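Visitor:
In the working numbering, the protein residues as written are 8 to 440.
#1: Within 10 Å of its beta-carbon, does residue 352 have 16 or more other beta-carbons around it, so buried, or fewer, so exposed?
#2: Is residue 191 helix, strand or coil when you go by DSSP?
#3: Quick one: grab the DSSP three-state call for residue 48.
#4: Report the residue from 53, 91, 119, 71 whose alpha carbon sits nearest the alpha carbon of residue 40.
#5: Using beta-carbon positions only, say whether residue 48 and residue 124 come within less than 8 Å of one another.
#6: In angstroms, rounded to a whole number, what distance separates the CA positions of residue 312 and residue 304?
#7: Measure the C-alpha to C-alpha separation of residue 229 and residue 360 and round it to an integer number of angstroms.
#8: In whole angstroms, what is the alpha-carbon distance linking residue 185 and residue 213?
#9: Can you list, in chain order, the residues of its chain whose CB lies under 8 Å from that of residue 179, leaving out five sequence neighbours each side?
#10: I'd like the ranges of any beta strand (DSSP E) spanning at least 3 consecutive residues and lying wholly in the region 128-209.
#11: Could you have a look at residue 377 and say whether DSSP puts it in helix, strand or coil?
#12: Need the endpoints of the beta strand (DSSP E) that residue 86 sits in, please.
#13: Give me the Cα-Cα distance between residue 174 and residue 188, rounded to the nearest whole angstrom.
#14: What are the uninterrupted segments assigned as beta strand (DSSP E) that are 3 or more residues long and contained completely in the region 266-354, given in chain order?
#15: What would DSSP say about residue 97, mapped onto helix, strand or coil?
#16: Can you find at least 3 beta carbon pairs, one from the region 13-33 and one from the region 87-100, that sit closer than 8 Å?
#17: Could you round the C-beta distance between residue 323 and residue 300 to whole angstroms and report it? I think they count as a contact, below 8 Å.
#18: DSSP three-state label for residue 217, please.
#19: Name the residue from 80, 302, 244 whose alpha carbon lies nearest to the alpha carbon of residue 146.
#20: For the region 373-380 and the region 423-437, state whether three or more C-beta atom pairs, one from each stretch, are separated by less than 8 Å.
#21: Do three or more CB pairs link the region 156-176 to the region 196-206 at distances below 8 Å?
#22: Using three-state DSSP, classify residue 258 as helix, strand or coil.
#23: According to DSSP, residue 424 sits in a beta bridge with which residue or residues?
#24: When you compare only the Cα positions, how much space is there between residue 363 and residue 374?
#25: Touch check for the region 342-351 and the region 404-413: three-plus C-beta pairs under 8 Å?
#26: Return the CA-CA distance between residue 419 and residue 235, expressed in angstroms with no decimal places.
#27: Considering residue 118, what are the terminal residues of the beta strand (DSSP E) in which it resides?
#28: State buried or exposed for residue 382, treating a residue as buried only when at least 16 other CB atoms are found within 10 Å of its CB.
#29: Keeping to the same chain, check which residues put their C-beta closer than 7 Å to that of residue 289; ignore five residues upstream and five downstream.
#30: Under 6 Å Cβ to Cβ from residue 249, same chain only, skipping five residues before and after it: list those, please.
#31: Would you tell me roughly how many angstroms separate the C-alpha atoms of residue 132 and residue 158, rounded to the nearest one?
#32: When DSSP labels each residue in this structure, what does residue 363 get in the three-state scheme?
#33: Taking the alpha-carbon of residue 276 as reference, which of 104, 244, 69 has the nearest alpha-carbon?
#34: Pick out whichever of 220, 104, 16, 307 has its Cα sitting closest to the Cα of residue 89.
#35: Pop quiz: residue 84 and residue 67 are said to be a contact at Cβ under 8 Å. What is the actual Cβ separation, rounded to whole angstroms?
#36: Let me know the secondary structure DSSP gives residue 61 once reduced to three states.
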(Lines of atoms letter the chains of each structure in order from A and count residues from 1; the text may use other names and numbers.)
(Lines give C-alpha, C1' and ligand atoms only; values in the text may rest on other atoms or scores of the structure.)
Protein backbone atom coordinates (compact mmCIF):
# COMPACT_ATOMS: atom_id res chain seq x y z
CA UNK A 1 0.00 0.00 0.00
CA UNK A 2 2.84 2.39 0.83
CA UNK A 3 4.40 1.81 -2.56
CA UNK A 4 1.14 2.26 -4.43
CA UNK A 5 0.32 5.53 -2.68
CA UNK A 6 3.85 6.83 -3.27
CA UNK A 7 3.72 5.89 -6.97
CA UNK A 8 0.31 7.52 -7.35
CA UNK A 9 1.46 10.75 -5.72
CA UNK A 10 4.73 10.71 -7.70
CA UNK A 11 2.86 10.28 -11.00
CA UNK A 12 0.32 13.00 -10.16
CA UNK A 13 2.92 15.42 -8.83
CA UNK A 14 5.22 14.82 -11.80
CA UNK A 15 2.40 15.58 -14.24
CA UNK A 16 1.51 18.79 -12.40
CA UNK A 17 5.14 19.91 -12.07
CA UNK A 18 5.90 19.18 -15.73
CA UNK A 19 2.77 21.09 -16.76
CA UNK A 20 4.08 24.00 -14.68
CA UNK A 21 7.76 23.85 -15.66
CA UNK A 22 7.44 23.62 -19.45
CA UNK A 23 5.35 26.82 -19.86
CA UNK A 24 7.55 28.56 -17.31
CA UNK A 25 10.71 27.69 -19.25
CA UNK A 26 9.16 28.85 -22.51
CA UNK A 27 8.07 32.08 -20.85
CA UNK A 28 11.57 32.70 -19.49
CA UNK A 29 13.04 32.20 -22.94
CA UNK A 30 10.52 34.54 -24.55
CA UNK A 31 11.15 37.23 -21.92
CA UNK A 32 14.91 36.97 -22.46
CA UNK A 33 14.49 37.38 -26.23
CA UNK A 34 12.15 40.35 -25.79
CA UNK A 35 14.56 41.96 -23.35
CA UNK A 36 17.50 41.61 -25.73
CA UNK A 37 15.44 42.95 -28.66
CA UNK A 38 14.27 45.91 -26.56
CA UNK A 39 17.88 46.76 -25.69
CA UNK A 40 18.85 46.65 -29.36
CA UNK A 41 15.91 48.92 -30.24
CA UNK A 42 16.98 51.43 -27.59
CA UNK A 43 20.51 51.50 -29.00
CA UNK A 44 19.28 51.93 -32.57
CA UNK A 45 16.85 54.72 -31.61
CA UNK A 46 19.56 56.55 -29.67
CA UNK A 47 22.00 56.44 -32.61
CA UNK A 48 19.23 57.49 -35.00
CA UNK A 49 18.58 60.65 -32.97
CA UNK A 50 22.27 61.53 -33.09
CA UNK A 51 22.56 60.81 -36.84
CA UNK A 52 19.56 63.03 -37.57
CA UNK A 53 21.13 65.96 -35.70
CA UNK A 54 24.70 65.90 -37.06
CA UNK A 55 26.00 66.22 -40.57
CA UNK A 56 29.63 65.16 -40.26
CA UNK A 57 30.55 61.56 -40.86
CA UNK A 58 33.20 61.82 -38.16
CA UNK A 59 30.59 62.94 -35.65
CA UNK A 60 28.41 59.97 -36.61
CA UNK A 61 31.40 57.67 -36.07
CA UNK A 62 31.91 59.13 -32.62
CA UNK A 63 28.22 58.56 -31.81
CA UNK A 64 28.43 54.94 -32.97
CA UNK A 65 31.56 54.37 -30.93
CA UNK A 66 29.79 55.70 -27.83
CA UNK A 67 27.11 52.98 -28.11
CA UNK A 68 27.92 49.82 -26.12
CA UNK A 69 29.48 47.36 -28.54
CA UNK A 70 30.34 43.75 -27.75
CA UNK A 71 28.54 41.14 -25.63
CA UNK A 72 26.52 40.30 -28.71
CA UNK A 73 25.34 43.84 -29.66
CA UNK A 74 26.69 45.66 -32.79
CA UNK A 75 25.49 48.96 -34.32
CA UNK A 76 26.19 50.14 -37.87
CA UNK A 77 25.02 53.27 -39.73
CA UNK A 78 24.57 53.05 -43.49
CA UNK A 79 24.62 56.58 -45.04
CA UNK A 80 22.59 57.58 -48.12
CA UNK A 81 25.74 57.32 -50.21
CA UNK A 82 26.19 53.65 -49.17
CA UNK A 83 29.11 54.45 -46.88
CA UNK A 84 29.02 52.52 -43.59
CA UNK A 85 30.03 53.75 -40.18
CA UNK A 86 30.90 50.72 -38.03
CA UNK A 87 31.18 47.12 -39.15
CA UNK A 88 30.30 46.19 -42.70
CA UNK A 89 26.86 44.52 -43.01
CA UNK A 90 26.59 41.01 -44.38
CA UNK A 91 24.72 40.43 -47.66
CA UNK A 92 21.57 39.42 -45.77
CA UNK A 93 21.85 42.51 -43.57
CA UNK A 94 22.41 44.69 -46.64
CA UNK A 95 19.12 43.38 -48.07
CA UNK A 96 17.38 44.34 -44.82
CA UNK A 97 19.00 47.82 -44.97
CA UNK A 98 17.72 48.32 -48.49
CA UNK A 99 14.24 47.19 -47.39
CA UNK A 100 14.24 49.71 -44.51
CA UNK A 101 15.41 52.53 -46.82
CA UNK A 102 12.69 51.84 -49.32
CA UNK A 103 9.96 51.24 -46.75
CA UNK A 104 10.77 54.23 -44.66
CA UNK A 105 9.71 52.62 -41.36
CA UNK A 106 11.59 50.86 -38.56
CA UNK A 107 11.23 47.12 -38.05
CA UNK A 108 12.84 44.16 -36.32
CA UNK A 109 13.88 40.95 -38.05
CA UNK A 110 14.45 37.76 -36.05
CA UNK A 111 16.27 34.65 -37.27
CA UNK A 112 18.03 31.61 -35.92
CA UNK A 113 21.27 33.58 -35.59
CA UNK A 114 19.74 36.44 -33.62
CA UNK A 115 17.80 39.65 -34.29
CA UNK A 116 18.36 42.84 -36.33
CA UNK A 117 16.75 46.21 -35.56
CA UNK A 118 16.62 48.69 -38.47
CA UNK A 119 15.67 52.36 -38.07
CA UNK A 120 15.58 54.54 -41.24
CA UNK A 121 16.43 58.29 -40.94
CA UNK A 122 15.30 60.79 -43.56
CA UNK A 123 18.11 63.29 -44.23
CA UNK A 124 18.42 66.18 -46.74
CA UNK A 125 20.81 64.19 -48.90
CA UNK A 126 18.83 60.90 -48.68
CA UNK A 127 17.82 58.14 -46.22
CA UNK A 128 20.29 56.69 -43.75
CA UNK A 129 19.66 53.44 -41.88
CA UNK A 130 20.79 52.49 -38.39
CA UNK A 131 21.34 48.71 -38.05
CA UNK A 132 21.71 47.18 -34.58
CA UNK A 133 22.20 43.42 -34.37
CA UNK A 134 22.10 41.09 -31.38
CA UNK A 135 23.36 37.50 -31.49
CA UNK A 136 21.32 34.45 -30.42
CA UNK A 137 23.73 33.89 -27.54
CA UNK A 138 23.04 37.39 -26.22
CA UNK A 139 19.30 36.91 -26.64
CA UNK A 140 19.37 33.70 -24.55
CA UNK A 141 21.91 34.84 -21.97
CA UNK A 142 20.81 33.68 -18.48
CA UNK A 143 18.10 31.36 -19.84
CA UNK A 144 20.02 28.15 -19.05
CA UNK A 145 20.61 29.21 -15.46
CA UNK A 146 16.95 30.14 -15.10
CA UNK A 147 15.93 26.74 -16.49
CA UNK A 148 18.22 24.99 -14.01
CA UNK A 149 16.68 26.98 -11.17
CA UNK A 150 13.17 26.08 -12.31
CA UNK A 151 14.13 22.42 -12.69
CA UNK A 152 15.66 22.37 -9.23
CA UNK A 153 12.52 23.93 -7.82
CA UNK A 154 10.46 21.22 -9.55
CA UNK A 155 12.63 18.45 -8.07
CA UNK A 156 12.32 20.00 -4.61
CA UNK A 157 8.54 20.14 -4.98
CA UNK A 158 8.48 16.51 -6.16
CA UNK A 159 10.62 15.44 -3.20
CA UNK A 160 8.30 17.25 -0.80
CA UNK A 161 5.30 15.60 -2.44
CA UNK A 162 6.89 12.15 -2.06
CA UNK A 163 7.74 12.87 1.57
CA UNK A 164 4.16 13.89 2.29
CA UNK A 165 2.90 10.83 0.39
CA UNK A 166 5.15 8.56 2.46
CA UNK A 167 3.85 10.05 5.69
CA UNK A 168 0.29 9.68 4.47
CA UNK A 169 0.91 6.10 3.34
CA UNK A 170 2.43 5.20 6.71
CA UNK A 171 -0.55 6.72 8.50
CA UNK A 172 -2.89 4.56 6.44
CA UNK A 173 -0.83 1.40 5.93
CA UNK A 174 0.67 0.96 9.42
CA UNK A 175 -2.71 0.38 11.16
CA UNK A 176 -3.71 -2.04 8.38
CA UNK A 177 -0.41 -3.93 8.78
CA UNK A 178 -0.97 -4.12 12.54
CA UNK A 179 -4.48 -5.42 11.87
CA UNK A 180 -3.08 -8.19 9.66
CA UNK A 181 -0.46 -9.05 12.30
CA UNK A 182 -3.10 -9.40 15.03
CA UNK A 183 -5.27 -11.46 12.67
CA UNK A 184 -2.36 -13.90 12.22
CA UNK A 185 -1.92 -14.07 15.99
CA UNK A 186 -5.59 -14.93 16.40
CA UNK A 187 -5.24 -17.56 13.68
CA UNK A 188 -2.44 -19.25 15.62
CA UNK A 189 -4.57 -19.32 18.80
CA UNK A 190 -3.49 -16.16 20.66
CA UNK A 191 -7.00 -15.07 21.61
CA UNK A 192 -5.67 -12.21 23.78
CA UNK A 193 -4.24 -10.37 20.76
CA UNK A 194 -5.92 -7.05 20.04
CA UNK A 195 -5.24 -4.20 17.63
CA UNK A 196 -4.76 -0.59 18.72
CA UNK A 197 -7.15 1.52 16.56
CA UNK A 198 -5.13 4.18 14.74
CA UNK A 199 -4.93 6.01 11.44
CA UNK A 200 -7.84 7.61 9.60
CA UNK A 201 -11.30 7.38 11.10
CA UNK A 202 -12.39 4.63 8.69
CA UNK A 203 -9.36 2.48 9.58
CA UNK A 204 -9.99 3.10 13.29
CA UNK A 205 -13.55 1.85 12.86
CA UNK A 206 -12.23 -1.32 11.21
CA UNK A 207 -9.82 -1.89 14.12
CA UNK A 208 -12.58 -1.37 16.69
CA UNK A 209 -14.90 -3.77 14.85
CA UNK A 210 -12.07 -6.32 14.61
CA UNK A 211 -11.48 -6.16 18.37
CA UNK A 212 -15.17 -6.65 19.02
CA UNK A 213 -15.21 -9.64 16.66
CA UNK A 214 -12.20 -11.16 18.45
CA UNK A 215 -13.90 -10.72 21.83
CA UNK A 216 -17.05 -12.37 20.48
CA UNK A 217 -15.05 -15.31 19.15
CA UNK A 218 -13.27 -15.63 22.49
CA UNK A 219 -16.63 -15.71 24.30
CA UNK A 220 -17.99 -18.37 21.93
CA UNK A 221 -14.90 -20.54 22.33
CA UNK A 222 -15.05 -20.22 26.12
CA UNK A 223 -18.70 -21.26 26.08
CA UNK A 224 -17.89 -24.21 23.83
CA UNK A 225 -15.08 -25.34 26.12
CA UNK A 226 -17.47 -25.25 29.07
CA UNK A 227 -19.98 -27.37 27.17
CA UNK A 228 -17.29 -29.88 26.22
CA UNK A 229 -16.00 -30.04 29.79
CA UNK A 230 -19.53 -30.60 31.05
CA UNK A 231 -20.09 -33.30 28.43
CA UNK A 232 -16.88 -35.04 29.42
CA UNK A 233 -17.84 -34.97 33.07
CA UNK A 234 -21.39 -36.21 32.45
CA UNK A 235 -20.23 -39.13 30.30
CA UNK A 236 -17.20 -40.27 32.28
CA UNK A 237 -19.05 -40.49 35.60
CA UNK A 238 -21.50 -43.24 34.56
CA UNK A 239 -18.74 -45.06 32.67
CA UNK A 240 -16.65 -45.16 35.84
CA UNK A 241 -19.65 -46.44 37.77
CA UNK A 242 -20.16 -49.20 35.20
CA UNK A 243 -16.50 -50.19 35.48
CA UNK A 244 -16.78 -50.47 39.25
CA UNK A 245 -19.97 -52.51 38.93
CA UNK A 246 -18.35 -54.88 36.43
CA UNK A 247 -15.57 -55.63 38.92
CA UNK A 248 -18.13 -56.81 41.46
CA UNK A 249 -19.58 -59.43 39.12
CA UNK A 250 -18.73 -62.94 40.38
CA UNK A 251 -18.92 -64.82 37.07
CA UNK A 252 -15.46 -64.42 35.41
CA UNK A 253 -16.82 -64.79 31.89
CA UNK A 254 -19.57 -62.25 32.44
CA UNK A 255 -17.16 -59.89 34.20
CA UNK A 256 -14.68 -60.12 31.34
CA UNK A 257 -17.43 -59.44 28.80
CA UNK A 258 -18.68 -56.45 30.81
CA UNK A 259 -15.17 -55.05 31.11
CA UNK A 260 -14.79 -55.32 27.36
CA UNK A 261 -18.04 -53.48 26.83
CA UNK A 262 -16.99 -50.81 29.34
CA UNK A 263 -13.63 -50.41 27.61
CA UNK A 264 -15.37 -49.99 24.28
CA UNK A 265 -17.76 -47.48 25.84
CA UNK A 266 -14.79 -45.63 27.34
CA UNK A 267 -13.13 -45.36 23.94
CA UNK A 268 -16.40 -44.18 22.45
CA UNK A 269 -16.72 -41.47 25.11
CA UNK A 270 -13.12 -40.38 24.52
CA UNK A 271 -13.72 -40.19 20.78
CA UNK A 272 -16.94 -38.23 21.21
CA UNK A 273 -15.30 -35.75 23.58
CA UNK A 274 -12.30 -35.37 21.31
CA UNK A 275 -14.58 -34.89 18.32
CA UNK A 276 -16.56 -32.24 20.23
CA UNK A 277 -13.33 -30.37 20.98
CA UNK A 278 -12.27 -30.25 17.34
CA UNK A 279 -14.09 -27.00 16.42
CA UNK A 280 -12.27 -25.22 19.24
CA UNK A 281 -8.91 -25.72 17.58
CA UNK A 282 -9.55 -26.64 13.97
CA UNK A 283 -9.65 -23.03 12.78
CA UNK A 284 -6.46 -22.11 14.66
CA UNK A 285 -3.68 -23.51 12.59
CA UNK A 286 -0.20 -23.25 14.02
CA UNK A 287 3.24 -24.69 13.49
CA UNK A 288 5.19 -27.43 15.20
CA UNK A 289 8.18 -29.74 14.80
CA UNK A 290 6.73 -33.03 13.57
CA UNK A 291 9.83 -34.98 14.66
CA UNK A 292 9.73 -33.68 18.23
CA UNK A 293 5.98 -34.26 18.64
CA UNK A 294 6.13 -37.78 17.21
CA UNK A 295 9.10 -38.70 19.42
CA UNK A 296 7.20 -37.46 22.47
CA UNK A 297 4.14 -39.60 21.65
CA UNK A 298 6.28 -42.68 21.07
CA UNK A 299 7.84 -42.23 24.50
CA UNK A 300 4.34 -41.83 25.97
CA UNK A 301 3.10 -45.13 24.51
CA UNK A 302 6.28 -47.14 25.20
CA UNK A 303 5.26 -48.33 28.72
CA UNK A 304 1.96 -49.77 27.44
CA UNK A 305 3.75 -51.38 24.51
CA UNK A 306 6.22 -52.97 26.90
CA UNK A 307 3.38 -54.33 29.06
CA UNK A 308 1.76 -55.95 26.01
CA UNK A 309 4.98 -57.39 24.66
CA UNK A 310 5.15 -55.04 21.68
CA UNK A 311 8.14 -53.27 20.25
CA UNK A 312 7.50 -49.66 19.21
CA UNK A 313 10.15 -48.15 16.93
CA UNK A 314 10.56 -44.53 15.87
CA UNK A 315 12.26 -43.52 12.60
CA UNK A 316 12.90 -39.89 11.67
CA UNK A 317 15.68 -37.65 10.30
CA UNK A 318 17.94 -35.95 12.85
CA UNK A 319 16.81 -32.39 12.16
CA UNK A 320 13.46 -30.73 12.87
CA UNK A 321 10.64 -30.75 10.32
CA UNK A 322 8.28 -27.81 10.76
CA UNK A 323 4.71 -28.29 9.52
CA UNK A 324 1.62 -26.05 9.37
CA UNK A 325 -0.20 -27.83 12.19
CA UNK A 326 -0.51 -27.08 15.89
CA UNK A 327 1.38 -29.44 18.19
CA UNK A 328 -1.82 -30.36 20.06
CA UNK A 329 -3.47 -31.42 16.78
CA UNK A 330 -0.53 -33.55 15.70
CA UNK A 331 -0.48 -35.12 19.17
CA UNK A 332 -4.18 -36.01 18.84
CA UNK A 333 -3.57 -37.46 15.39
CA UNK A 334 -0.77 -39.75 16.57
CA UNK A 335 -2.66 -40.77 19.72
CA UNK A 336 -5.65 -41.80 17.60
CA UNK A 337 -3.47 -43.89 15.29
CA UNK A 338 -1.56 -45.56 18.12
CA UNK A 339 -4.73 -46.13 20.13
CA UNK A 340 -6.20 -47.96 17.12
CA UNK A 341 -3.13 -50.17 16.96
CA UNK A 342 -3.28 -51.08 20.64
CA UNK A 343 -7.06 -51.57 20.56
CA UNK A 344 -7.39 -53.62 17.36
CA UNK A 345 -4.21 -55.68 17.11
CA UNK A 346 -3.23 -58.64 19.30
CA UNK A 347 -0.60 -58.33 22.03
CA UNK A 348 2.90 -58.66 20.64
CA UNK A 349 2.13 -56.85 17.35
CA UNK A 350 4.99 -54.46 16.65
CA UNK A 351 4.53 -50.78 15.79
CA UNK A 352 6.69 -48.48 13.65
CA UNK A 353 6.18 -44.69 13.67
CA UNK A 354 7.96 -42.87 10.83
CA UNK A 355 8.40 -39.19 10.08
CA UNK A 356 10.08 -38.33 6.80
CA UNK A 357 10.36 -35.40 4.39
CA UNK A 358 9.07 -35.87 0.87
CA UNK A 359 10.90 -33.70 -1.68
CA UNK A 360 8.86 -31.91 -4.33
CA UNK A 361 9.96 -31.00 -7.85
CA UNK A 362 10.48 -27.27 -8.16
CA UNK A 363 8.79 -26.41 -4.87
CA UNK A 364 8.70 -26.78 -1.10
CA UNK A 365 8.80 -30.37 0.11
CA UNK A 366 6.17 -32.06 2.25
CA UNK A 367 6.21 -34.12 5.44
CA UNK A 368 4.70 -37.59 5.88
CA UNK A 369 3.93 -39.35 9.16
CA UNK A 370 3.10 -43.05 9.01
CA UNK A 371 2.11 -45.65 11.60
CA UNK A 372 2.55 -49.29 10.63
CA UNK A 373 1.84 -52.45 12.65
CA UNK A 374 2.33 -56.17 12.23
CA UNK A 375 -1.32 -56.98 12.98
CA UNK A 376 -3.95 -58.43 10.65
CA UNK A 377 -4.47 -55.19 8.74
CA UNK A 378 -7.76 -53.59 7.74
CA UNK A 379 -9.21 -56.75 6.24
CA UNK A 380 -11.98 -56.29 3.67
CA UNK A 381 -13.31 -52.99 5.05
CA UNK A 382 -14.42 -50.70 2.26
CA UNK A 383 -13.26 -47.44 3.86
CA UNK A 384 -12.28 -47.50 7.55
CA UNK A 385 -11.85 -43.72 7.54
CA UNK A 386 -15.53 -43.20 6.76
CA UNK A 387 -17.22 -41.57 9.72
CA UNK A 388 -19.22 -43.95 11.92
CA UNK A 389 -18.11 -47.11 10.06
CA UNK A 390 -15.75 -49.67 11.52
CA UNK A 391 -15.25 -53.35 10.98
CA UNK A 392 -13.82 -53.99 14.43
CA UNK A 393 -16.65 -52.89 16.71
CA UNK A 394 -15.39 -49.35 17.39
CA UNK A 395 -17.12 -46.02 16.73
CA UNK A 396 -15.25 -45.33 13.52
CA UNK A 397 -14.40 -41.80 14.67
CA UNK A 398 -10.66 -42.23 15.20
CA UNK A 399 -9.54 -42.48 11.58
CA UNK A 400 -12.08 -39.84 10.57
CA UNK A 401 -10.51 -37.45 13.07
CA UNK A 402 -7.07 -38.32 11.69
CA UNK A 403 -8.25 -37.50 8.18
CA UNK A 404 -9.78 -34.18 9.30
CA UNK A 405 -6.58 -33.13 11.08
CA UNK A 406 -4.52 -34.03 8.01
CA UNK A 407 -6.78 -31.90 5.81
CA UNK A 408 -6.42 -29.01 8.25
CA UNK A 409 -2.69 -28.98 7.51
CA UNK A 410 -3.29 -29.09 3.76
CA UNK A 411 -2.69 -32.83 3.35
CA UNK A 412 -4.65 -36.08 3.61
CA UNK A 413 -4.58 -39.57 5.15
CA UNK A 414 -4.29 -42.78 3.12
CA UNK A 415 -4.52 -46.44 4.16
CA UNK A 416 -2.38 -49.30 2.96
CA UNK A 417 -0.67 -52.56 3.90
CA UNK A 418 2.81 -53.34 5.03
CA UNK A 419 4.89 -56.07 3.40
CA UNK A 420 3.77 -58.45 6.19
CA UNK A 421 0.09 -57.62 5.64
CA UNK A 422 -0.27 -55.28 8.60
CA UNK A 423 -2.07 -51.96 8.62
CA UNK A 424 -0.30 -48.86 7.32
CA UNK A 425 -1.70 -45.35 7.75
CA UNK A 426 0.21 -42.57 5.96
CA UNK A 427 -0.64 -38.95 6.76
CA UNK A 428 0.50 -36.12 4.52
CA UNK A 429 1.03 -33.07 6.77
CA UNK A 430 1.46 -30.51 4.03
CA UNK A 431 4.48 -28.39 3.27
CA UNK A 432 7.66 -28.40 5.32
CA UNK A 433 9.57 -25.27 6.41
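Heads up, the beta-carbon is just placed ideally off N, CA and C, and yes, glycines get one too.
Just so you know, these numbers come straight off a predicted model, no measurement behind them.
Guide: So, from the listed chains and residues:
#1: Residue numbering aside, residue 352 sits at position 345 when the chain shown is read from its first letter. Counting Cβ neighbours within 10 Å, residue 352 comes out buried, since at least 16 surround it.
#2: Residue mapping note: residue 191 aligns to position 184 of the chain shown, counting from 1. Residue 191 falls in the helix class under three-state DSSP.
#3: In the chain shown, the residue the question calls residue 48 occupies position 41. Residue 48 falls in the helix class under three-state DSSP.
#4: The count along the chain shown starts at 1 and reaches residue 40 at position 33. Minimum Cα distance to residue 40 is reached at 119.
#5: Locating residue 48 in the chain shown gives position 41, counting from the first residue. Locating residue 124 in the chain shown gives position 117, counting from the first residue. A contact, by the Cβ cut-off of 8 Å.
#6: As a working mapping, residue 312 is identified with position 305 in the chain shown. As a working mapping, residue 304 is identified with position 297 in the chain shown. Using only the alpha carbons, I get a separation of about 12 Å.
#7: Translated into the one-based positions of the chain shown, residue 229 becomes position 222. Translated into the one-based positions of the chain shown, residue 360 becomes position 353. C-alpha separation (whole angstroms): 35 Å.
#8: Stepping through the chain shown from its first residue, residue 185 is reached at position 178. Stepping through the chain shown from its first residue, residue 213 is reached at position 206. Those two C-alpha atoms are separated by around 12 Å.
#9: Counted from its first residue, the chain shown places residue 179 at position 172. 8, 12, 206, 207, 210.
#10: 133-142
#11: As a position in the chain shown, residue 377 is number 370, starting the count at 1. Note: residue 377 maps to strand in three-state DSSP.
#12: Position 79 of the chain shown, counted from the first residue, corresponds to residue 86. From DSSP, residue 86 is part of no beta strand (DSSP E); its letter is neither H nor E.
#13: Numbered from 1 along the chain shown, position 167 holds the residue referred to as residue 174. Numbered from 1 along the chain shown, position 181 holds the residue referred to as residue 188. One C-alpha to the other measures close to 21 Å.
#14: 319-322
#15: The sequence position of residue 97 within the chain shown is 90, counting from 1. If DSSP states are grouped into helix, strand and coil, residue 97 belongs with coil.
#16: Here the region 13-33 makes no contact with the region 87-100; the two share fewer than three CB pairs at distances below 8 Å.
#17: In the chain shown, the residue the question calls residue 323 occupies position 316. In the chain shown, the residue the question calls residue 300 occupies position 293. In fact, because the Cβ distance is near 10 Å, the residues do not count as touching under 8 Å.
#18: In the chain shown, counting from the first residue as 1, residue 217 sits at position 210. Three-state DSSP puts residue 217 in a helix.
#19: As a working mapping, residue 146 is identified with position 139 in the chain shown. Among 80, 302, 244, the Cα nearest to that of residue 146 is on 80.
#20: yes
#21: The region 156-176 and the region 196-206 do not touch, with fewer than 3 CB-CB distances between them shorter than 8 Å.
#22: Sequence index remark: in the chain shown, residue 258 carries index 251 (1-based). Correct three-state label for residue 258: coil.
#23: In the chain shown, the residue the question calls residue 424 occupies position 417. Beta bridge pairing from DSSP links residue 424 with 430.
#24: On the chain shown, position 356 is the one that residue 363 refers to. On the chain shown, position 367 is the one that residue 374 refers to. The alpha-carbon atoms of residue 363 and residue 374 are separated by roughly 6 Å.
#25: yes
#26: As a working note, residue 419 is residue 412 in the chain shown. As a working note, residue 235 is residue 228 in the chain shown. Each residue's alpha carbon lies about 27 Å from the other.
#27: Along the chain shown, read from residue 1 onward, the residue named residue 118 stands at position 111. Note, residue 118: beta strand (DSSP E), 114-118.
#28: Numbered from 1 along the chain shown, position 375 holds the residue referred to as residue 382. Counting every other CB atom within 10 Å of its CB across the protein chains shown gives residue 382 a total of 16 or more, marking it as buried.
#29: Sequence index remark: in the chain shown, residue 289 carries index 282 (1-based). For residue 289, the predicted structure reports a pLDDT of 49, less than 50, and the residue's modelled location is therefore unreliable. The matter cannot be settled from this model.
#30: The count along the chain shown starts at 1 and reaches residue 249 at position 242. Cβ within range, chain order: 269.
#31: Here residue 132 is taken as the residue at index 125 of the chain shown, counted from 1. Here residue 158 is taken as the residue at index 151 of the chain shown, counted from 1. Cα to Cα, the separation comes out at about 56 Å.
#32: As a first step, residue 363 must be located in the chain shown, where it is residue number 356. Strand at residue 363.
#33: Locating residue 276 in the chain shown gives position 269, where the first residue counts as 1. Residue 276 has its Cα closest to that of 244, out of 104, 244, 69.
#34: One-based indexing of the chain shown puts residue 89 at position 82. The shortest Cα separation from residue 89 among 220, 104, 16, 307 belongs to 104.
#35: Your numbering for residue 84 matches position 77 in the chain shown. Your numbering for residue 67 matches position 60 in the chain shown. The Cβ separation is near 6 Å, so the contact holds.
#36: For this step, residue 61 is matched to residue 54 along the chain shown. In the structure shown, residue 61 sits in coil (DSSP, three-state: anything other than H, G, I, E or B).
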